[in-house]
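Q: Numbering (UniProt numbering), first residue to last: 1 to 274. Glycine included, every Cβ here is placed at the ideal spot set by N, Cα and C. To start, I am sharing the structure in question, which I have written as C-alpha cells.
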DNA sequence: ACAATTACCTGTATGC
DNA sequence: TGCATACAGGTAATTG
C-alpha cells in the first residue's frame with residue numbers, strides 16, 4: 001500500500017516524465033474518485049495546463065500546475081498513478097486518464113476506488129481536509145528525538161497507533177509502523193508515553209532508517225503497489241516482521257506473532273520487542 | 001478529549 | 001466446482 005516511501009518513489013519516477021508537459025485533455029471514467037471540484041469542472045480546469053513539478057506531503061502526491069493550481073492525489077490502498085507512452089489499451093479499473101500533448105498519458109488506476117483526486121488553487125492546498133491537520137514529516141531533519149518525545153508525551157494510546165495517526169506524524173502506514181517498532185525493539189502495544197528517553201531516541205532513528213531503506217528499495221510491493229513507471233519495488237524482500245507471522249524472528253529465532261491493534265494486524269517478536 | 005467502530009470497495013485466499 | 005466468508009488497510013464519519 002502506498003505509504004511515504006512508495007509515494008516518494010512515485011514522485012521521483014514521475015517527475016522526469018511529467019515536468020514541463022502539457023495536459024491536453026482529461027477523461028474521467030469514474031466520477032466518484034474526484035473529490036473536488038465536480039468532475040466536469042475538474043476536467044475543464046485541468047485542460048491546457050503545464051505540469052511544473054511534483055511534491056509529496058505525507059502520503060499525498062502534489063502535482064503543481066501552471067496558473068497557480070495543484071492536483072492533489074491520495075492513492076489510499078490500491079491506487080496507482082502510471083505514466084504510459086503512446087496509446088496502450090486501458091488497464092482494468094482505469095478511472096482517470098490525463099492525456100499529455102504529444103501522445104503519452106498519466107493514468108489513475110484503482111481497483112477498490114478508495115483513492116481520491118482533488119484540484120485546488122495553490123493557496124487552498126494547505127486547507128484541504130486531509131492535509132490541514134497533517135503532522136510533521138518524519139524524514140525532516142527537524143524531526144529529532146525531542147520532536148518525537150513531544151508527540152508521545154501524555155499519550156496513553158499504544159505506540160503503534162500513535163505512529164499511524166497522520167495528525168501526529170505524516171506518512172507512516174501499517175507495514176512501516178511494524179517494521180520500525182521491530183527495528184527499535186519496542187512492543188507495539190506499549191503506551192506511547194511509557195517510552196523513556198533512550199527508547200524515544202532509538203525509535204526516531206529506526207523510523208528514519210526504515211523509511212530511507214524503503215525509498216532506497218523503491219517501495220514495498222506486496223499486492224498492488226507499482227511506481228510511476230509501472231515497476232514493482234523490492235523492499236518486500238527486506239521486511240523483518242510484516243506478514244511473517246509464525247516464522248522465526250530474524251534476530252532471535254523466536255516465532256513472530258500477530259495481534260490486532262486498533263483493528264489492524266500487527267506483527268512483532270515477543271522476545272525482542274519489550 | 002479520546003477511543004472504538006463502521007463505511008467505503010474489490011480481489012484473493014480459505015473452508016466446506 | 002461452487003458458494004460463502006474473512007481479510008487486506010487509509011481515512012472520514014459516527015458512536016460511545
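(1) Considering only the alpha carbon of each residue, which of 90, 57 and 120 lies closest to residue 35?
(2) If you scan the region 95-171 from start to end, which runs of the alpha helix (DSSP H) of 4 or more residues do you find wholly inside it?
(3) If the criterion is Cβ atoms closer than 9 Å, does the pair residue 181 and residue 254 meet it?
(4) Got a sec? Which residues, its chain only, sit under 6 Å from residue 6 by beta carbon, not counting five neighbours each side?
(5) When you compare only the Cα positions, how much space is there between residue 81 and residue 187?
(6) Note down the Cα distance separating residue 15 from residue 270, rounded to an integer number of angstroms.
(7) With distance defined between alpha-carbon atoms, name the residue in 89, 94, 105 and 53 nearest to residue 25.
(8) Our contact map puts residue 11 next to residue 61 with C-beta atoms below 8 Å; I'd like the distance itself, whole angstroms only.
(9) To the nearest angstrom, report how far apart residue 101 and residue 20 are at their CA atoms.
(10) Can you tell me whether residue 70 is buried or exposed, with buried defined as 16 or more other CB within 10 angstroms of its CB?
(11) Excluding five sequence neighbours on each side, which residues of the same chain lie with their C-beta closer than 6 Å to the C-beta of residue 154?
(12) Would you call the CB atoms of residue 112 and residue 84 closer than 9 Å?
(13) Which residues does DSSP list as the beta-bridge partners of residue 221?
A: In this structure, then:
(1) Ranking the options by Cα distance to residue 35, first place goes to 120.
(2) The region 95-171 contains these whole alpha helix (DSSP H) runs: 129-132, 145-152 and 159-164.
(3) Their beta carbons are not under 9 Å apart, which means residue 181 does not touch residue 254 by this criterion.
(4) Correct list, in chain order: 219 and 225.
(5) Between residue 81 and residue 187, the C-alpha separation is close to 35 Å.
(6) Roughly 42 Å between the two C-alpha positions.
(7) For residue 25, the nearest C-alpha among the options comes from 105.
(8) Confirmed, about 6 Å.
(9) The straight-line gap from Cα to Cα measures roughly 11 Å.
(10) When all chains shown are included, residue 70 counts as buried.
(11) A distance below 6 Å between beta-carbons, with the five flanking residues on each side excluded, links residue 154 to the following residues of its chain, in chain order: 193.
(12) Not a contact, by the Cβ cut-off of 9 Å.
(13) Answer is none; residue 221 lacks a bridge partner.
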